[in-house]
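Asks: Before I ask anything, let me first share the structure, which is written out below as structure tokens.
Protein chains: 2
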Amino acid sequence: MASMITVHVDLGERAYPIHIGADLLGRTELFAPHIAGAAVTIVTNTTVDPLYGETLRRALAPLGKQVSTVVLPDGEAYKNWETLNQIFDALLGARADRKTTLIALGGGVTGDMTGFAAACYMRGVPFIQVPTTLLSQVDSSVGGKTGINHPLGKNMIGAFYQPQAVIADIATLRTLPQRELAAGVAEVIKTGAIADAAFFEWIEGNVEALNRCEPEALAYAVKRSCEIKASVVAADEREGGLRAILNFGHTFGHAIEAGLGYGEWLHGEAVGCGMVMAADLSVRLGYLDEASRQRIVRVVAAGHLPTRAPALGEARYMQLMQVDKKAEAGAIKFILLKRFGETLITRAPDEAVHATLAATVAA
Amino acid sequence: MASMITVHVDLGERAYPIHIGADLLGRTELFAPHIAGAAVTIVTNTTVDPLYGETLRRALAPLGKQVSTVVLPDGEAYKNWETLNQIFDALLGARADRKTTLIALGGGVTGDMTGFAAACYMRGVPFIQVPTTLLSQVDSSVGGKTGINHPLGKNMIGAFYQPQAVIADIATLRTLPQRELAAGVAEVIKTGAIADAAFFEWIEGNVEALNRCEPEALAYAVKRSCEIKASVVAADEREGGLRAILNFGHTFGHAIEAGLGYGEWLHGEAVGCGMVMAADLSVRLGYLDEASRQRIVRVVAAGHLPTRAPALGEARYMQLMQVDKKAEAGAIKFILLKRFGETLITRAPDEAVHATLAATVAA
Numbered sequence: 002m003a004s005m006i007t008v009h010v011d012l013g014e015r016a017y018p019i020h021i022g023a024d025l026l027g028r029t030e031l032f033a034p035h036i037a038g039a040a041v042t043i044v045t046n047t048t049v050d051p052l053y054g055e056t057l058r059r060a061l062a063p064l065g066k067q068v069s070t071v072v073l074p075d076g077e078a079y080k081n082w083e084t085l086n087q088i089f090d091a092l093l094g095a096r097a098d099r100k101t102t103l104i105a106l107g108g109g110v111t112g113d114m115t116g117f118a119a120a121c122y123m124r125g126v127p128f129i130q131v132p133t134t135l136l137s138q139v140d141s142s143v144g145g146k147t148g149i150n151h152p153l154g155k156n157m158i159g160a161f162y163q164p165q166a167v168i169a170d171i172a173t174l175r176t177l178p179q180r181e182l183a184a185g186v187a188e189v190i191k192t193g194a195i196a197d198a199a200f201f202e203w204i205e206g207n208v209e210a211l212n213r214c215e216p217e218a219l220a221y222a223v224k225r226s227c228e229i230k231a232s233v234v235a236a237d238e239r240e241g242g243l244r245a246i247l248n249f250g251h252t253f254g255h256a257i258e259a260g261l262g263y264g265e266w267l268h269g270e271a272v273g274c275g276m277v278m279a280a281d282l283s284v285r286l287g288y289l290d291e292a293s294r295q296r297i298v299r300v301v302a303a304g305h306l307p308t309r310a311p312a313l314g315e316a317r318y319m320q321l322m323q324v325d326k327k328a329e330a331g332a333i334k335f336i337l338l339k340r341f342g343e344t345l346i347t348r349a350p351d352e353a354v355h356a357t358l359a360a361t362v363a364a
Numbered sequence: 002m003a004s005m006i007t008v009h010v011d012l013g014e015r016a017y018p019i020h021i022g023a024d025l026l027g028r029t030e031l032f033a034p035h036i037a038g039a040a041v042t043i044v045t046n047t048t049v050d051p052l053y054g055e056t057l058r059r060a061l062a063p064l065g066k067q068v069s070t071v072v073l074p075d076g077e078a079y080k081n082w083e084t085l086n087q088i089f090d091a092l093l094g095a096r097a098d099r100k101t102t103l104i105a106l107g108g109g110v111t112g113d114m115t116g117f118a119a120a121c122y123m124r125g126v127p128f129i130q131v132p133t134t135l136l137s138q139v140d141s142s143v144g145g146k147t148g149i150n151h152p153l154g155k156n157m158i159g160a161f162y163q164p165q166a167v168i169a170d171i172a173t174l175r176t177l178p179q180r181e182l183a184a185g186v187a188e189v190i191k192t193g194a195i196a197d198a199a200f201f202e203w204i205e206g207n208v209e210a211l212n213r214c215e216p217e218a219l220a221y222a223v224k225r226s227c228e229i230k231a232s233v234v235a236a237d238e239r240e241g242g243l244r245a246i247l248n249f250g251h252t253f254g255h256a257i258e259a260g261l262g263y264g265e266w267l268h269g270e271a272v273g274c275g276m277v278m279a280a281d282l283s284v285r286l287g288y289l290d291e292a293s294r295q296r297i298v299r300v301v302a303a304g305h306l307p308t309r310a311p312a313l314g315e316a317r318y319m320q321l322m323q324v325d326k327k328a329e330a331g332a333i334k335f336i337l338l339k340r341f342g343e344t345l346i347t348r349a350p351d352e353a354v355h356a357t358l359a360a361t362v363a364a
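So the sequences go chain by chain: A and V.
Offset between the first sequence (1-based) and the working numbering: plus 1.
Offset between the second sequence (1-based) and the working numbering: plus 1.
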């Protein structure tokens, strides 16, 4: 049997394990302790179901539960109320009760929507995350953020809601398109940059191995990213303060995603570029040295991620950042870097932000 | 200054006060401690805004906040995603940030939707309940249940989310239609029946005073109902066990509402009739004596509430009750009465339920 690492997310009575390893999807005993009721509904999408739906259903079969599957359309563009409602329709149509367990099988969009559906269905049913993308394994399956997009903003409607368990099967990443793998590497880079200089160095030395989908490198990257995120989330479950550092690169990144229309750039691509922009602003305001900024640009580029932002126009960038969830009364808050492993959260003078946009946005 | 009673709901860090009294709506100092951010959005409806919107806005004016108002269509038929989304549209259109306080000004539908909007907007913003119906003052503003209906079931989509404060202005009940006042009396009767025999007797002696909207009787009924509900909720915030007793009359009642189509009977009317049905089943299964059942029928009738259930057909009643949130794997759970102040939660043989339906449903 393949090796497995478990990271524990310590949230008191909402604590849960993250199991990381190859070929975990088929292991019945990983699911068994987390399914209390008589019914399970798998929520997945049209891309993932043909790849892994059957393996998961076979793993659940020995538990003797009533298992149903909801297959959603694939993509960030469908992370909306209409798609969410397909989950509710299926649950109510099947008379799913309050003890029904939802299993999210797919990437971040599937996980966010399934988690939000679990948070809201009958005011809360249990759910398990089975993330099948690198991005969702390192990021969106840890921390309990769930939600959907609104035409006026990303993840504007949602809940903090913790899963019973996360089962991160590294083997599922073999079928991941290169572009989506890179999007996950972006969050790995982010995690190293904000929290652990040694891990950031490890990423610089192993980014090619991650690009090539080497299992040992992936397992370590997922484990270390989950550990870091888990410790940040445990200290600040509802994003009162510390947790905001996880949004490094996201203020600019969300503006890119919203400005281009969700789904044009992948979230991780926008975050990759957003880190380059945040690093530029960090240097411009005197917090970060130029050599560190260059290291960020290099590792983002080595991860096959964009380092030039799309030409949306400066006014549009400012407008989009003002509606960001981190903004307060229209004042944009930036997560900036002092050095690898040390961040600060601050407003920035408009001139500096404009200069950063001028320096990083494609002509 | 008019007298005011305050009931404290003890939920640890989510504790909040319920202020009860006449003419509280205009008292700035009751709102001031609970509004931390720079903006307030009042959510109300087309009936209530012309009556009390201006009074509330005048009360808020001295606080120097940016105040906006969202006016929704009135009625249970609008307790759905489309209407909820009007709140999100308004908040995002106004770039409302995470510290924006929502104020629900209206009845249970307004409170449930506003509370759910507050729970979901940016994953949670603060809100204040200003209930303007007797039903919402005694029931839906206490306990943190928020949500919307789904075509296949009432309150199926929602969250447990506590307000910062509840301000129950008895004076607003003067403009309440008689039928809606009676719907509130139903929940008062329910609270007495399940939890406090002495209060049940008080209701029997004062139901006419409540019908006539006498302020002292109303204030006492609201206070005692809130105290009882608050103590039940404090013991069981997320409806693990005890809290379910608050659903006395609701299993049958929800079936009536869903079967007729939401909005046909008021929630309180359905609960009034549902209590008569639950009392019948309680006697039939040997838990309750016949004299107590008759007292329930009498006080429900004296409250101008229906005691005969609509003719939906037995099969439809069974089907509707099986999808109730309290059902588990299709098995219906009933909240039954042993005596005034003592309940039990149990399944019931189909024959007994059929007999109750035969005895209580109109021919």
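For each residue, glycine too, the CB sits at the ideal point set by N, CA and C.
Please read these numbers as outputs of a predicted model, since none were measured by experiment.
1. By Cβ distance, which residues of its chain are closer than 7 Å to V/E258, with the 5 residues on each side in sequence left out?
2. Reducing DSSP to helix, strand and coil, say where A/G22 ends up.
3. Taking V/F161 as the query, report the chain A residues whose CB atoms sit under 8 Å from its CB, ordered along the chain.
4. Among the residues of its own chain, which have a CB less than 6 Å from the CB of V/T148, if the five just before and after it don't count?
5. Which residue marks the beginning of the alpha helix (DSSP H) containing A/M5, and which one marks its end?
6. Give me the Cα-Cα distance between V/A235 and V/D11, rounded to the nearest whole angstrom.
7. CB-CB under 6 Å to A/A198, same chain, minus the five flanking residues each way: which ones, in chain order?
8. Using alpha carbons as the reference points, say which of V/P18, V/L85, V/L247 lies closest to V/A194.
9. Confirm, please, whether the CB-CB distance from A/L26 to A/I168 is below 9 Å.
10. State the Cα-Cα distance for the pair A/G94 and A/P164, rounded to the nearest angstrom.
11. With the cut-off set at 9 Å, would you say A/C274 and A/V139 are in Cβ contact?
12. Check for me: the alpha helix (DSSP H) holding V/H268 runs from which residue to which?
13. Reducing DSSP to helix, strand and coil, say where A/D170 ends up.
14. For V/R340, report the span of its beta strand (DSSP E) as first-last.
15. Could you tell me which residues DSSP puts in a beta bridge with V/N46?
16. What separation, rounded to the nearest whole angstrom, lies between the Cα atoms of A/R15 and A/G145?
17. Quick one: is A/M278 near chain V, going by C-beta distance under 9 Å?
18. Note down, in chain order, every chain A residue with its Cβ under 8 Å from the Cβ of V/R15.
19. Determine contact between the stretch 29-40 of chain A and the stretch 96-113 of chain A, defined as no fewer than three beta-carbon pairs at a distance below 8 Å.
20. By the DSSP assignment, the beta strand (DSSP E) with V/G395 in it spans what residues?
21. Could you spell out the range, first to last residue, of the alpha helix (DSSP H) harbouring V/I229?
22. Flag this pair as yes or no: are the beta carbons of V/L337 and V/L345 separated by less than 9 Å?
23. Identify whether A/H355 lies in helix, strand or coil by the three-state DSSP scheme.
24. Just to confirm, are A/V143 and A/L106 a CB contact at a threshold of 9 Å?
25. Cβ atoms of A/A196 and A/V233: under 9 Å apart, would you say?
26. Would you kindly report the start and end of the unbroken alpha helix (DSSP H) that includes A/H255?
27. Give me the chain A residues within the contact set of V/A365, using Cβ-Cβ distance strictly less than 8 Å, ordered along the chain.
28. Can you give the Cα-Cα distance for A/G125 and V/Y162, rounded to whole angstroms?
29. Please classify A/R294 as buried or exposed, where buried requires at least 16 neighbouring CB atoms within 10 angstroms.
30. Measuring only between beta-carbons, confirm whether A/M114 sits less than 9 Å from chain V.
31. Report the neighbours of A/L103 on chain V: residues whose CB is nearer than 7 Å to its CB, in chain order.
32. For chain V, is any of its Cβ atoms less than 9 Å away from the one on A/M5?
33. In terms of DSSP beta bridges, what is V/A128 paired with?
34. For A/K146, which residues in chain V fall below 9 Å Cβ to Cβ?
35. What do you get for A/M2, buried or exposed, if any count of 16 or more other CB atoms within 10 angstroms of its CB means buried?
36. Let's see if you can read the secondary structure: which residues bound the beta strand (DSSP E) around V/G109?
Replies: Let's see:
1. K155, W266, H268, A271
2. The answer is strand: DSSP assigns A/G22 an E or B state.
3. R124, G125
4. Correcting the residue type first, residue 148 of chain V is Gly in the shown sequence and not Thr. Closer than 6 Å at Cβ, skipping near neighbours: D113, F117, N156, I158, G159.
5. Here A/M5 belongs to no alpha helix (DSSP H); instead the beta strand (DSSP E) covers 5-10.
6. Those two C-alpha atoms are separated by around 6 Å.
7. F341, G342
8. V/L247
9. yes
10. 23 Å
11. Contact flag unset, no.
12. 268-285
13. strand
14. In the DSSP annotation of this structure, the continuous segment of the beta strand (DSSP E) that includes V/R340 starts and ends at 335-340.
15. V/L73
16. 10 Å
17. no
18. The contacting residues do not exist; V/R15 stays about 12 Å from chain A at best.
19. yes
20. There is no way to answer for residue 395 of chain V, as the model of chain V reaches only from 2 to 364.
21. 216-236
22. For the pair V/L337 and V/L345, the CB atoms are nearer than the 9 Å cut-off.
23. Here A/H355 sits in helix by DSSP.
24. no
25. yes
26. 251-261
27. Only positions 2 to 364 of chain V appear in the structure, and residue 365 of chain V is not among them; the question remains open.
28. 12 Å
29. buried
30. The beta carbon of A/M114 does not come within 9 Å of any beta carbon belonging to chain V, so the residue lies off that interface.
31. Counting only Cβ-Cβ distances below 7 Å, A/L103 has no contacts in chain V at all, with the closest Cβ about 14 Å away.
32. no
33. Looking at the sequence provided, one finds Phe at residue 128 of chain V rather than Ala. For V/F128, DSSP records a beta bridge to V/L103.
34. R124
35. With a pLDDT of only 47 at A/M2, under the threshold of 50, the placement of this residue in the model should not be trusted; the figure read from the coordinates follows. Exposed.
36. Looking at the DSSP string, V/G109 is not in any beta strand (DSSP E); the run it does join, the alpha helix (DSSP H), is 109-121.
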